[in-house]
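Peer 1:
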Amino acid sequence: MTFVYRPSGPFRWMLEKFSSISEWSLVGSISAEERSLAAISELSLIGKLDHLSCLRIEPSSGRKPNRFRSEIMRKLNTRQRETEGIVGVGLLCTTVDLLCREEDLIRAIRDCLSPCGPNLVLDISSMPKRFFFPLIALAIRSGNFENILVSYSSPKSYGEPLAEDPLPWSALPTFGATDLSKDGKLIIGVGYQSLRLHEIVDGVLNPDNVELLLPFPSVHPGFTKNWEFVRKIRMQIDRLQERSIKRVPAKNTSIAFDRIVGSSNRGANPCKLAPFGPKPVSLAMCLFGVCCQDKNIPVELGYTQPQVYSDKYSVGIAAGIDGNPIIHAYAIKLNGHSLYQF
Amino acid sequence: MSSNLRNPFNVLYATEGINELDFPGIFSPTLIPLVMPLFQAGNVMLSGTQGTGKSMLLALLDTDVRLAFWEHKDHDFPVDSEFSTYVGASINLSNSLVLKFTERDFGDDASDARSQAVFSDYLNTWVLRDLLKSIRRLMNDAPKARLKECGISSDQSLLEKAVVELASTDVCGGLLGNAKTVEEAVKALTKRCQVYIDFLNFRFDTIPDEVWNTITGIGEPLSLAADTMRQLNVLSRKTEVFVTIDQCEELLRLEQSDSTGRTYGRFLAMLDKLISARNKSVSYRLGTRPNAIWKGKAEEVRDYSRVDLDSLLRGKEYARTIFPRLARDVFVRRLRTSGIEVDQSPDVLKNYFGTSPKTSERARECAAANKPERVIGIETKNKKTGKAGWPVEVGHLLLELATEDVLSAKLGEAWVRQNASKMESEELVKEARSLPWEQREKQWWRKERGPLAVLQIAARSGERIRYYGENDILTISGKNILVFGIICQKIWESWIESLDLQSNPVVAVPRPFPTVRQGIGINNASNIWRSKISSAPSGDTLGRLVDTIGTRLRNQLRGDKSMSYPGANGISLKDTEVASDSEISGVLNDATAEGFLQAFRHTPKTPSRGKSTKWYLHPVLSPYYELTVAHTKEPLYLKIEQLRTWLEKDIVVDPKPMPEPKAKKKRTSQSQATLFDDGDDE
Numbered sequence: 001m002t003f004v005y006r007p008s009g010p011f012r013w014m015l016e017k018f019s020s021i022s023e024w025s026l027v028g029s030i031s032a033e034e035r036s037l038a039a040i041s042e043l044s045l046i047g048k049l050d051h052l053s054c055l056r057i058e059p060s061s062g063r064k065p066n067r068f069r070s071e072i073m074r075k076l077n078t079r080q081r082e083t084e085g086i087v088g089v090g091l092l093c094t095t096v097d098l099l100c101r102e103e104d105l106i107r108a109i110r111d112c113l114s115p116c117g118p119n120l121v122l123d124i125s126s127m128p129k130r131f132f133f134p135l136i137a138l139a140i141r142s143g144n145f146e147n148i149l150v151s152y153s154s155p156k157s158y159g160e161p162l163a164e165d166p167l168p169w170s171a172l173p174t175f176g177a178t179d180l181s182k183d184g185k186l187i188i189g190v191g192y193q194s195l196r197l198h199e200i201v202d203g204v205l206n207p208d209n210v211e212l213l214l215p216f217p218s219v220h221p222g223f224t225k226n227w228e229f230v231r232k233i234r235m236q237i238d239r240l241q242e243r244s245i246k247r248v249p250a251k252n253t254s255i256a257f258d259r260i261v262g263s264s265n266r267g268a269n270p271c272k273l274a275p276f277g278p279k280p281v282s283l284a285m286c287l288f289g290v291c292c293q294d295k296n297i298p299v300e301l302g303y304t305q306p307q308v309y310s311d312k313y314s315v316g317i318a319a320g321i322d323g324n325p326i327i328h329a330y331a332i333k334l335n336g337h338s339l340y341q342f
Numbered sequence: 001m002s003s004n005l006r007n008p009f010n011v012l013y014a015t016e017g018i019n020e021l022d023f024p025g026i027f028s029p030t031l032i033p034l035v036m037p038l039f040q041a042g043n044v045m046l047s048g049t050q051g052t053g054k055s056m057l058l059a060l061l062d063t064d065v066r067l068a069f070w071e072h073k074d075h076d077f078p079v080d081s082e083f084s085t086y087v088g089a090s091i092n093l094s095n096s097l098v099l100k101f102t103e104r105d106f107g108d109d110a111s112d113a114r115s116q117a118v119f120s121d122y123l124n125t126w127v128l129r130d131l132l133k134s135i136r137r138l139m140n141d142a143p144k145a146r147l148k149e150c151g152i153s154s155d156q157s158l159l160e161k162a163v164v165e166l167a168s169t170d171v172c173g174g175l176l177g178n179a180k181t182v183e184e185a186v187k188a189l190t191k192r193c194q195v196y197i198d199f200l201n202f203r204f205d206t207i208p209d210e211v212w213n214t215i216t217g218i219g220e221p222l223s224l225a226a227d228t229m230r231q232l233n234v235l236s237r238k239t240e241v242f243v244t245i246d247q248c249e250e251l252l253r254l255e256q257s258d259s260t261g262r263t264y265g266r267f268l269a270m271l272d273k274l275i276s277a278r279n280k281s282v283s284y285r286l287g288t289r290p291n292a293i294w295k296g297k298a299e300e301v302r303d304y305s306r307v308d309l310d311s312l313l314r315g316k317e318y319a320r321t322i323f324p325r326l327a328r329d330v331f332v333r334r335l336r337t338s339g340i341e342v343d344q345s346p347d348v349l350k351n352y353f354g355t356s357p358k359t360s361e362r363a364r365e366c367a368a369a370n371k372p373e374r375v376i377g378i379e380t381k382n383k384k385t386g387k388a389g390w391p392v393e394v395g396h397l398l399l400e401l402a403t404e405d406v407l408s409a410k411l412g413e414a415w416v417r418q419n420a421s422k423m424e425s426e427e428l429v430k431e432a433r434s435l436p437w438e439q440r441e442k443q444w445w446r447k448e449r450g451p452l453a454v455l456q457i458a459a460r461s462g463e464r465i466r467y468y469g470e471n472d473i474l475t476i477s478g479k480n481i482l483v484f485g486i487i488c489q490k491i492w493e494s495w496i497e498s499l500d501l502q503s504n505p506v507v508a509v510p511r512p513f514p515t516v517r518q519g520i521g522i523n524n525a526s527n528i529w530r531s532k533i534s535s536a537p538s539g540d541t542l543g544r545l546v547d548t549i550g551t552r553l554r555n556q557l558r559g560d561k562s563m564s565y566p567g568a569n570g571i572s573l574k575d576t577e578v579a580s581d582s583e584i585s586g587v588l589n590d591a592t593a594e595g596f597l598q599a600f601r602h603t604p605k606t607p608s609r610g611k612s613t614k615w616y617l618h619p620v621l622s623p624y625y626e627l628t629v630a631h632t633k634e635p636l637y638l639k640i641e642q643l644r645t646w647l648e649k650d651i652v653v654d655p656k657p658m659p660e661p662k663a664k665k666k667r668t669s670q671s672q673a674t675l676f677d678d679g680d681d682e
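Residue numbers (this note's numbering), protein chains in the order written: chain A, 1 to 342; chain B, 1 to 682.
1) Would you check if there are 3 or more beta carbon pairs closer than 8 angstroms linking the segment 152-170 of chain B to the segment 92-100 of chain B?
2) Helix, strand or coil: how does DSSP classify asparagine 226/A here?
3) For chain A, check one thing: does any of its Cβ atoms lie closer than 7 angstroms to the Cβ of phenylalanine 202/B?
4) Could you tell me which chain A residues have their CB closer than 8 angstroms to the CB of valine 653/B, listed as they occur along the chain?
5) With 8 angstroms as the limit, tell me which residues of the segment 271-298 of chain B have their beta carbon closer than that to any beta carbon of chain A; keep them in chain order.
6) If the cut is a Cβ gap below 8 angstroms, which residues of chain A does glycine 219/B touch?
7) Counting beta carbon pairs with one atom in the segment 40-54 of chain A and one in the segment 542-562 of chain B, are three or more of them shorter than 8 angstroms?
8) Could you say which of Ser134/B, Asp347/B, Pro33/B and Arg129/B lies nearest to glycine 88/B if we only look at CA atoms?
9) Would a check of beta-carbon distances place isoleucine 106/A closer than 7 angstroms to chain B?
10) Of the residues Leu235/B, Phe267/B, Arg544/B and Asp76/B, which one's Cα is nearest the Cα of aspartate 112/B?
11) Which residue from Gly42/B, Arg104/B, Gly51/B and Met56/B puts its Cα closest to that of phenylalanine 83/B?
12) What does lysine 185/A pair with, by DSSP beta-bridge criteria?
13) Distance, Cα to Cα, aspartate 105/B vs arginine 552/B?
14) Thinking C-alpha only, which one of Leu99/A, Gln80/A and Leu98/A is nearest leucine 91/A?
15) Does the Cβ-Cβ distance between lysine 75/A and alanine 32/A come in under 7 angstroms?
16) In three-state DSSP terms, what is valine 182/B?
17) So with CB distances below 7 angstroms, who are the chain B contacts of aspartate 238/A?
18) Can you tell me whether DSSP reads methionine 563/B as helix, strand or coil?
19) Consult DSSP for histidine 328/A and reduce its assignment to one of helix, strand or coil.
20) Buried or exposed for alanine 256/A, please, with buried defined as at least 16 other CB atoms from any protein chain shown within 10 angstroms of its CB.
21) How should aspartate 258/A be labelled, buried or exposed, when 16 other C-beta atoms within 10 angstroms of its C-beta is the threshold for buried?
22) For arginine 130/A, verify whether its CB is less than 6 angstroms away from any heavy atom of the ligand PLP.
23) Under DSSP, the beta strand (DSSP E) around cysteine 93/A begins and ends at which residues?
24) Among the residues of its own chain, which have a CB less than 6 angstroms from the CB of arginine 247/A, if the five just before and after it don't count?
25) Please state the DSSP three-state secondary structure of valine 299/A.
26) With H, G and I counted as helix, E and B as strand and the rest as coil, what does DSSP make of alanine 113/B?
27) Of the residues Pro623/B, Asp130/B, Tyr352/B and Gly48/B, which one's Cα is nearest the Cα of threonine 63/B?
28) What separation, rounded to the nearest whole angstrom, lies between the Cα atoms of asparagine 209/A and glycine 191/A?
Following this line, the structure appears as structure tokens:
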């Protein structure tokens with residue numbers, strides 16, 4: 001646990017708390033998903049959007065077949081026009097291939113970050129982990145940003161399937177590690193699709209070293225998918241104990257972070273983290289990874305990157321009873337101090 | 001828990017922890033005589049579909065595994081001491097992050113060359129560290145007699161001396177720094193690896209000068225280390241240094257997906273250089289999937305020998321004996337490791353699984369009881385012409401026969417369908433009454449169509465074919481020991497689930513297992529293998545490929561009422577046509593390499609067709625897709641365009657641009673004419 005208060009809550013509420021800050025920069029994405037617009041619109045609406053950089057992440061050109069490609073491209077064009085409609089001509093849009101070389105990916109992220117002012121919003125709503133993990137790491141480590149908020153908008157619903165043809169397990173950009181002890185912890189964020197997670201689960205020597213971060217509460221149909229995910233892991237790790245399941249609030253990054261810190265015995269147990277769960281939980285894993293690296297503690301964050309995403313990955317933007325979009329915000333850096341440390 | 005309730009097949013993967021498993025207890029040495037090149041000097045490329053035991057064999061080179069055998073009271077190391085004079089080191093191309101160098105760009109014209117240089121140096125650093133750790137571990141933990149057998153000194157000071165000697169050389173000096181002990185050497189090598197990992201993690205953008213200035217060529221430090229250790233008597237002159245480079249298929253996969261937009265480092269050229277160098281100091285073992293085509297200077301026989309586990313298990317020379325022997329041995333070892341007493345007998349599988357049913361018995365088991373009219377299709381009216389169908393007497397004959405021998409009746413139905421249009425009614429009735437399909441000269445006709453008849457009986461009865469018994473289990477395993485293990489695991493599970501432990505807490509493992517439990521277990525194993533497809537590289541696409549072929553073939557088999565094509569549980573394609581369509585050959589080869597399809601070279605007797613390959617779904621998928629298992633008669637002959645049409649429709653491949661109308665017309669007519677080209681067995 002920690003005595004550090006890590007502010008999080010509705011995006012609008014959070015921005016109000018920073019009343020002294022009149023200008024925010026935002027790094028987001030041009031995506032087929034409608035929710036990619038939510039935070040941009042909100043910030044623009046209150047007149048505090050100073051600069052917007054977007055990664056336009058296109059389906060991989062080297063990947064065939066891709067039955068969703070043409071529809072995704074159409075939606076990307078629509079979304080870009082909508083974004084330009086919100087912010088005018090000031091949009092900095094950097095196009096990248098979903099499976100581009102990490103060198104190009106990091107360059108694109110750096111390009112997005114470089115014109116941003118000291119107060120930064122990183123909108124991860126529609127950003128694949130392959131992109132948002134290094135984005136968070138680079139932003140936190142940059143000396144250019146005083147305040148960093150991460151925003152996340154929920155969709156009305158998710159599609160089926162979400163993604164296809166996952167690549168083999170591989171470290172996420174900037175989070176590679178080797179020499180992890182075989183007695184280290186494997187912490188898995190429970191999500192909807194286990195993709196090729198079996199590749200690391202197969203190597204588990206001691207089931208007691210596995211922890212599943214199960215989003216709770218969770219509602220149908222996500223609840224069912226989460227348990228199906230757990231069932232698949234249990235099929236591979238027969239002796240998995242019930243106590244391996246740790247319930248974490250799906251949208252509370254702070255609690256998830258503390259949970260991971262505890263599981264790792266404050267970094268004493270080297271960890272391998274598999275962020276397959278909700279993005280706020282994945283964000284906690286990412287922040288834990290950054291923290292470990294800064295302390296020279298071996299940590300690996302990996303994923304089985306899908307080669308193809310559905311054009312209907314999600315539909316719409318979830319709205320509250322007031323009709324406004326539900327956007328969560330998490331402060332990760334305040335006044336130059338990182339809030340997620342141990 | 002009673003030891004009988006412990007599933008001996010619970011843990012199936014070697015990677016699931018060799019230390020946790022009783023590796024010496026469960027390892028079967030059956031294949032050892034066939035893979036002896038692995039334990040002799042010279043480079044070896046070991047290929048195998050998933051489940052052929054490649055990881056288990058490579059594990060024998062691992063120091064931990066050797067120590068586990070030496071400590072084991074019941075199981076000796078399975079390789080003769082004559083071939084045990086070696087020390088092993090290894091690198092897994094995926095886990096070591098070495099492939100991540102493809103993700104970085106050095107930003108100049110020599111970027112590829114620089115990538116290759118850092119790839120090589122990282123690989124050298126990693127393997128040298130593993131080699132030193134292996135030798136130190138052996139010196140510390142191996143019995144003296146074993147060390148002597150392996151030709152490794154027990155004098156640690158010699159190893160320290162070798163480290164100092166190596167650190168003073170130009171080649172290894174940069175890697176080892178001022179190391180004077182093994183510990184310091186390992187530390188220096190780990191530090192160098194970490195520099196590379198930080199570079200891969202974009203913690204900095206240029207390789208530090210102290211690394212660039214001391215970069216090593218592929219394999220050079222390893223050869224030098226091996227030579228030095230022999231000179232200083234750490235290793236005897238005869239002791240081989242075996243370096244395993246696993247997951248080479250990942251490198252091949254990456255380089256095969258090179259495109260104009262992205263290339264993948266050209267690291268294969270480095271491995272090619274390594275094995276074509278003809279340096280005798282170190283021998284390399286490269287683990288790959290089958291169908292991996294090695295494009296480089298290295299030549300088979302001259303630079304390396306190939307050990308292809310699929311060929312060994314499927315080759316005609318060993319096929320009849322080696323897999324059943326392997327399966328029996330694995331079975332016995334698993335049971336013994338679980339505490340179940342069992343004799344090593346040729347009948348052990350028969351004892352636990354019984355005998356598989358004859359075709360007639362299987363037909364009876366899956367036929368709807370007392371409903372011959374449901375199982376046998378009688379044509380009372382020709383649907384096309386509207387004219388009268390078969391003579392009534394023929395219908396009565398078949399239905400009556402079905403009450404006694406449903407298989408014969410079903411084959412009779414096929415015979416009538418094949419002959420109805422060739423004979424007048426009276427002749428047909430007369431001929432049918434003599435049951436010509438049961439005559440001796442028709443025995444092959446009958447044998448070839450038996451499985452198809454059973455499939456159609458089951459389909460019309462709304463039942464699934466029941467598989468059980470030793471022969472079914474071995475056949476459905478498809479010469480894949482992992483599949484065999486999954487089948488045993490699922491049969492065990494099904495049996496345990498059926499027990500009423502409250503009323504009868506003490507249970508013995510049945511001999512044989514109830515056929516119902518075996519059937520459920522085999523069906524579950526089939527479902528598991530289907531679900532594994534999505535876990536393979538491009539698994540969703542491969543899943544659609546297998547679904548497409550499986551579903552089409554099932555429909556073909558079910559719809560072939562006259563049983564004219566009983567071998568249509570597989571497809572045959574002309575080799576030149578497959579080679580002309582890289583997309584289709586790519587997905588077929590990928591599915592074969594992962595063990596979801598099986599490919600066999602095949603020479604049809606129709607001369608115009610030329611060399612062909614036939615593809616079948618792996619036999620374990622037959623229950624899932626409701627296909628026949630045996631490969632009899634001719635497969636379904638397809639033109640590549642026909643297969644492409646199927647695959648485009650099911651989004652396995654992207655549509656090709658439409659051809660010119662004239663050309664299109666020509667192709668269509670050709671494909672129609674040869675769709676069921678009646679070739680012959682190879």
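Heads up, the beta-carbon is just placed ideally off N, CA and C, and yes, glycines get one too.
Fair warning: this is a prediction, and the values are worked out from it, not measured in the lab.
Peer 2: Considering the structure as presented:
1) Contact between the segment 152-170 of chain B and the segment 92-100 of chain B is absent, because fewer than three Cβ pairs lie under 8 angstroms.
2) Residue state for asparagine 226/A is assigned as helix, using DSSP reduced to three classes.
3) yes
4) Lys64 and Pro65
5) none
6) Near glycine 219/B there are no residues of chain A at all, since even the closest Cβ is about 20 angstroms away, more than 8 angstroms.
7) no
8) Restricting attention to Ser134/B, Asp347/B, Pro33/B and Arg129/B, the CA atom closest to the CA of glycine 88/B is found in Ser134/B.
9) yes
10) Per the Cα distances, Phe267/B.
11) Gly42/B
12) Cys271/A
13) 46 angstroms
14) Gln80/A
15) yes
16) helix
17) Asn10
18) coil
19) Histidine 328/A falls in the strand class under three-state DSSP.
20) Classification of alanine 256/A: buried, given that the 10 Å Cβ count is 16 or more.
21) buried
22) Looking at this structure, you won't find the ligand PLP or any other ligand, since it has none at all.
23) 92-97
24) For arginine 247/A, same chain residues with a beta-carbon under 6 angstroms away, outside a window of 5 residues either side, are Leu214 and Phe216 in chain order.
25) strand
26) Alanine 113/B sits in a helix when the DSSP states are folded into three classes.
27) Asp130/B
28) 19 angstroms
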